[in-house]
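Okay, so the sequence shown: first residue is 1040 according to this note's numbering, each after it adds one. The beta carbon of each residue, even a glycine, is placed where N, CA and C say it ideally should be. This report refers to the structure that appears directly beneath it.
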Amino acid sequence: MKLILTADVDNLGAPGDTVEVKDGYGRNYLLPRGLAIVATRGAEKQVEGIRRAQEARAVRGLDHAKELKAAIEGIENISLTVKTAGDSGKLFGSVTAADVAAAIKAAGGPVVDKRSLELPKAHIKATGKHAVVVNLHPDVVAKFHLNVVGA
């Protein structure tokens, strides 16, 4: 199946690229999620418009990403209160990327997509300070320490 990507897809291509994928992948994943459109003559004419829009977004994205980095790194104390399993500092559950994104917003920071967060491991499972990385743009990375406090 020949498709034109409308969004960036990992290990496949960037917006505006014409790709050949298996029928099931295109029909069941890319098309329903709006990540691609079927490659027709009319759609091929739209490819240039898609590329121009993506380039304009990338330029605005870099400046905006630098502003977000300054805002995130400017917050002095980002903490999250969670339920602990005892005096050992282990947690009942775990702290996920969505919890960290909510903690940034609660501390007065900008809204951050949970998919752009990199936790030390997949989840934080103990109290204390943990280094968190936020991938805002391919060229801009913000780093901060999350203080996980037991309740």
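Straight-line Cα distance separating residue j from residue i
i	j	result
Ile1076	Leu1042	6 angstroms
His1176	Pro1149	15 angstroms
Leu1101	Asn1174	12 angstroms
Gly1113	Leu1107	10 angstroms
Ala1190	Thr1123	6 angstroms
Ser1127	Leu1044	49 angstroms
Leu1051	Asp1152	22 angstroms
Lys1160	Asp1062	35 angstroms
Exposure label - residue i; buried when at least 16 CB within 10 Å
i	result
Asp1138	buried
Lys1182	exposed
Thr1166	buried
Thr1079	exposed
Ala1145	exposed
Ala1136	buried
Cβ-Cβ separation, residue j to residue i (assumed contact under 8 angstroms), whole Å
i	j	result
Met1040	Gly1081	No, Met1040 and Gly1081 are not in contact; Cβ-Cβ is about 17 angstroms, not under 8 angstroms.
Thr1120	Val1188	5 angstroms
Residues that residue i bridges to, as DSSP identifies them
i	result
Ala1165	Lys1129
Below-9 angstroms beta-carbon distance, residue i vs any chain D residue
i	result
Glu1087	Any reference to chain D falls outside this structure, which holds one protein chain only.
Chain-order list of residues whose beta-carbon lies under 6 angstroms from that of residue i (same chain, five-residue window excluded)
i	result
Gln1093	Pro1054
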